[in-house]
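Going by UniProt numbering, the sequence shown opens with residue 1, and the numbers climb by one from there. A virtual CB, placed ideally from N, CA and C, is assigned to each residue, including glycine. This structure is a prediction, so every number in the text was calculated from the model and none was measured. This report concerns only the one structure given below.
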Amino acid sequence: MDQGRKKSWKRLGLLIVGMALVWGCGTAGSSKVTDEPSKGLGPWEARPAPMEYEDYVYDIATTKDSKEIWAVGTYGKIFRYENGQWKSMPSPTKQHLFSLVFTQPQEGWAVGSDKIEPHQGIILRYDGQKWQEVPNPSIDNLLGIHFSQPNDGWAVGANSNIVHWDGQQWTKVEPPVFCYLSGVFFNAPNDGWAVGNEGIILHYDGQGWKAFPSPVKKNLYTVTFNRPDDGWAVGTAGTILHYDGKEWKPFSSPTEMILSRIAFSAPDHGYIVGAAGTVLEYNGKEWKDRQGPSRRYLYAALASSSKGLWVGGRERQLFHLPPGK
Numbered sequence: 001m002d003q004g005r006k007k008s009w010k011r012l013g014l015l016i017v018g019m020a021l022v023w024g025c026g027t028a029g030s031s032k033v034t035d036e037p038s039k040g041l042g043p044w045e046a047r048p049a050p051m052e053y054e055d056y057v058y059d060i061a062t063t064k065d066s067k068e069i070w071a072v073g074t075y076g077k078i079f080r081y082e083n084g085q086w087k088s089m090p091s092p093t094k095q096h097l098f099s100l101v102f103t104q105p106q107e108g109w110a111v112g113s114d115k116i117e118p119h120q121g122i123i124l125r126y127d128g129q130k131w132q133e134v135p136n137p138s139i140d141n142l143l144g145i146h147f148s149q150p151n152d153g154w155a156v157g158a159n160s161n162i163v164h165w166d167g168q169q170w171t172k173v174e175p176p177v178f179c180y181l182s183g184v185f186f187n188a189p190n191d192g193w194a195v196g197n198e199g200i201i202l203h204y205d206g207q208g209w210k211a212f213p214s215p216v217k218k219n220l221y222t223v224t225f226n227r228p229d230d231g232w233a234v235g236t237a238g239t240i241l242h243y244d245g246k247e248w249k250p251f252s253s254p255t256e257m258i259l260s261r262i263a264f265s266a267p268d269h270g271y272i273v274g275a276a277g278t279v280l281e282y283n284g285k286e287w288k289d290r291q292g293p294s295r296r297y298l299y300a301a302l303a304s305s306s307k308g309l310w311v312g313g314r315e316r317q318l319f320h321l322p323p324g325k
């Protein structure tokens with residue numbers, strides 16, 4: 001094996017370790033991580049889902065008209081919330097699904113892979129009736145997906161894996177540097193962001209992807225924006241970054257736990273979830289710890305002013321925090 005391939009596999013090993021931490025094997029900045037369900041839910045409501053013992057929920061999303069809530073997770077599991085219950089929906093795959101997005105009331109997308117290592121990624125599309133696999137030009141994991149509009153979508157993953165949807169097909173796009181990406185978000189077709197291992201931040205300006213200055217070397221797992229000048233990214237060791245329209249800066253964090261997902265119901269009200277049941281709440285000025293529904297890893301979060309907060313992870317149920325609680 002040549003030195004280039006050795007270096008690539010070494011970096012891949014680091015990514016696998018990092019992503020395993022996020023998806024249930026440990027944490028950073030803590031000497032002990034509990035993996036037990038909470039005894040008291042407080043204001044949280046438990047909503048059981050038809051899941052097996054080793055099933056996890058990796059992402060939660062609402063349809064474009066906000067009428068339906070969906071979730072995806074391990075072994076191709078797809079769930080829809082109907083009449084106060086989570087129901088299992090037919091899935092065309094047994095591969096893990098890590099990210100979910102809806103572009104129209106009757107159109108959704110999900111991405112994933114067969115294992116948390118460099119195996120063939122998968123892309124699913126929902127047409128309002130069923131989920132189907134679509135041709136995928138990538139050969140590695142896909143960990144994040146986002147659309148600026150129905151005919152302009154992006155998915156990212158391991159081994160510099162970036163693919164673009166133009167309304168007709170997915171094509172592979174080369175990044176400016178070798179990287180492992182886990183989160184992507186687009187404000188507009190010419191304004192996109194992706195984050196990944198060792199603090200990597202990429203920006204898309206409509207012409208191509210470029211490396212953007214990052215203030216950290218910690219792995220970053222997700223990125224989101226309220227406005228083009230109000231962005232957030234989170235990752236290992238309690239890392240929280242904020243973008244002000246010019247640069248990314250570290251933001252004060254009350255924890256050293258791994259942070260896996262961030263969701264906002266308004267620019268001045270958001271949540272972050274992560275390892276050991278961590279839940280942080282943003283009041284427009286600072287992030288504070290708040291009581292979570294579980295001591296197990298939380299990987300997914302969905303927040304809205306009308307629906308409150310939904311979270312999921314290493315439980316055979318999802319949890320709901322009603323608006324105003």
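* Asked: Curious, which full-length beta strand (DSSP E) runs of at least 3 residues does the region 100 to 132 contain?
  -> 107 to 113 and 121 to 126
* Asked: Rounded to the nearest angstrom, how far is the Cβ of I145 from that of V184, given a contact under 8 Å?
  -> Residue numbering aside, residue 145 sits at position 145 when the sequence shown is read from its first letter. Residue numbering aside, residue 184 sits at position 184 when the sequence shown is read from its first letter. Confirmed, about 7 Å.
* Asked: Any C-beta of chain C sitting closer than 9 Å to the C-beta of K217?
  -> Checking the listed chains, one finds no chain C in this structure; it contains a single protein chain.
* **Residues that DSSP places opposite T171 in a beta bridge** => For this step, residue 171 is matched to residue 171 along the sequence shown. Bridge partners of T171: H164.
* Cα-Cα separation, N161 to P176 -> Residue 161 sits at position 161 when you count from the first residue of the sequence shown. Residue 176 sits at position 176 when you count from the first residue of the sequence shown. Distance between the alpha carbons of N161 and P176: 11 Å.
* Pull up the distance between the alpha-carbon of L318 and that of V195, whole angstroms please. => Position 318 of the sequence shown holds residue 318. Position 195 of the sequence shown holds residue 195. Cα to Cα, the separation comes out at about 26 Å.
* Backbone CA spacing between W109 and Y243 [nearest angstrom] -> Numbered from its first residue, the sequence shown carries residue 109 at position 109. Numbered from its first residue, the sequence shown carries residue 243 at position 243. Approximately 27 Å between the Cα atoms of the pair.
* In chain order, what residues of the same chain lie with their CB nearer than 7 Å to the CB of P137, ignoring the 5 residues before and after it? -> Walking along the sequence shown from the start, residue 137 turns up at place 137. For P137, where only same-chain residues beyond five positions count, the Cβ hits under 7 Å are V163, W170, T171 and K172.
* Please report the residue range of the beta strand (DSSP E) in which S304 lies. => By one-based count along the sequence shown, residue 304 stands at place 304. L298 to S304 is the span of the beta strand (DSSP E), which, as asked, contains S304.
* Check whether the Cβ atoms of I262 and V234 sit closer than 9 Å, and answer yes or no. => In the sequence shown, residue 262 corresponds to position 262, counting from 1. In the sequence shown, residue 234 corresponds to position 234, counting from 1. In contact: I262 and V234 (Cβ atoms closer than 9 Å).
* **Pairwise C-alpha distance: K67 and R316** => Working through the sequence shown from its first residue, we reach residue 316 at position 316. Working through the sequence shown from its first residue, we reach residue 67 at position 67. Cα to Cα, R316 sits roughly 23 Å from K67.
* With W44 as the anchor, note down where its beta strand (DSSP E) starts and where it stops. => For the purposes of this step, residue 44 is taken as residue 44 along the sequence shown, with counting starting at 1. Counting along the chain, W44 falls outside any beta strand (DSSP E), and DSSP gives it neither H nor E.
* Asked: Does the beta-carbon distance from E45 to T74 come in below 9 Å?
  -> As a first step, residue 45 must be located in the sequence shown, where it is residue number 45. As a first step, residue 74 must be located in the sequence shown, where it is residue number 74. In this structure, T74 does not lie closer than 9 Å to E45 by Cβ.
* To do: Give the C-beta separation of D59 and A300 to the nearest angstrom, bearing in mind that I take them to be a contact with Cβ-Cβ under 8 Å.
  => The residue you call residue 59 lines up with position 59 of the sequence shown. The residue you call residue 300 lines up with position 300 of the sequence shown. Yes, D59 and A300 are in contact; Cβ-Cβ is about 5 Å, under 8 Å.
* Completely contained alpha helix (DSSP H) runs for the region 236 to 293, where each covers 4 or more residues -> none
* The beta strand (DSSP E) with N187 in it runs from where to where? -> Working through the sequence shown from its first residue, we reach residue 187 at position 187. It spans L181 to A188 - the beta strand (DSSP E) in which N187 sits, taken as one unbroken run.
* List the residues that DSSP assigns as beta-bridge partners of S214. => Here residue 214 is taken as the residue at index 214 of the sequence shown, counted from 1. Answer by DSSP bridge pairing: none, since S214 is not bridged.
* Could you check if Q85 is buried or exposed, using at least 16 other CB atoms within 10 Å of its CB as the buried criterion? => Here the question's residue 85 lines up with position 85 in the sequence shown. Burial call: exposed.
* Does DSSP classify N83 as helix, strand or coil? -> Within the sequence shown, numbered from 1, the residue matching residue 83 stands at position 83. The answer is coil: DSSP assigns N83 none of H, G, I, E or B.
* Alpha-carbon to alpha-carbon, F264 and P105 -> Locating residue 105 in the sequence shown gives position 105, counting from the first residue. Locating residue 264 in the sequence shown gives position 264, counting from the first residue. Distance between the alpha carbons of P105 and F264: 20 Å.
* Asked: Quick one: what's got a C-beta closer than 6 Å to I123's C-beta in the same chain, skipping five residues either side?
  -> Position 123 of the sequence shown, counted from the first residue, corresponds to residue 123. Same-chain partners within the cutoff: V111, V134 and N136.
* Contact belief for P293 with V311 at Cβ below 8 Å, rounded distance in angstroms -> Locating residue 293 in the sequence shown gives position 293, where the first residue counts as 1. Locating residue 311 in the sequence shown gives position 311, where the first residue counts as 1. Rounded, the Cβ-Cβ distance is 7 Å, consistent with contact.
* **Cα-Cα separation, S38 to Y297** => On the sequence shown, position 38 is the one that residue 38 refers to. On the sequence shown, position 297 is the one that residue 297 refers to. The predicted model places S38 with a pLDDT of 42, which falls under 50 and marks its position as unreliable, so this point remains unresolved.
* Would G76 be called buried (16 or more neighbouring beta carbons within 10 Å of its own) or exposed? -> As a working mapping, residue 76 is identified with position 76 in the sequence shown. With 16 or more Cβ atoms within 10 Å of its Cβ, G76 is classed as buried.
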